[in-house]
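Engineer:
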Amino acid sequence: MIFALKTENLAVGYRHRSQTRPVLGNLNLSVAPGELVALIGANSIGKSTLLRTLARMQPTLAGTIEI
Numbered sequence: 034m035i036f037a038l039k040t041e042n043l044a045v046g047y048r049h050r051s052q053t054r055p056v057l058g059n060l061n062l063s064v065a066p067g068e069l070v071a072l073i074g075a076n077s078i079g080k081s082t083l084l085r086t087l088a089r090m091q092p093t094l095a096g097t098i099e100i
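Under the working numbering, residues 34 to 100 are what the sequence shown spells out, in order.
1) Give the secondary structure of Leu57 by DSSP, where H, G and I count as helix, E and B as strand, and everything else as coil.
2) Mind reading off the beta-carbon distance from Leu94 to Thr53? Whole number of angstroms is fine, and I expect it under 8 angstroms.
3) Which residue comes first and which comes last in the beta strand (DSSP E) that contains Thr93?
4) With DSSP run on the structure shown, which of helix, strand or coil describes Arg50?
5) Terminal residues of the continuous alpha helix (DSSP H) containing Leu83?
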């Protein structure tokens, strides 16, 4: 199947001093062409971090992003 967006084992975190604080871990997401997706959830759970990461504005710790 062809996907417009696909992530595999995506991990994102913030480095603070000598430690890394994980925000997203092992995220697998597949979005088909024309499919609509909504990100909903409580404050501070990683919605904006995910969008910044997909836009390549936030570095990943692991995993792949295919657009």
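Just so it is clear, CB atoms sit at the ideal spot from N, CA and C, and this is done for glycine as well.
The model shown is predicted, which means the values in this text are computed figures rather than measured ones.
Structural biologist: Quick answer:
1) strand
2) 7 angstroms
3) Careful: Thr93 lies outside any beta strand (DSSP E) and carries neither H nor E.
4) coil
5) 80 to 87
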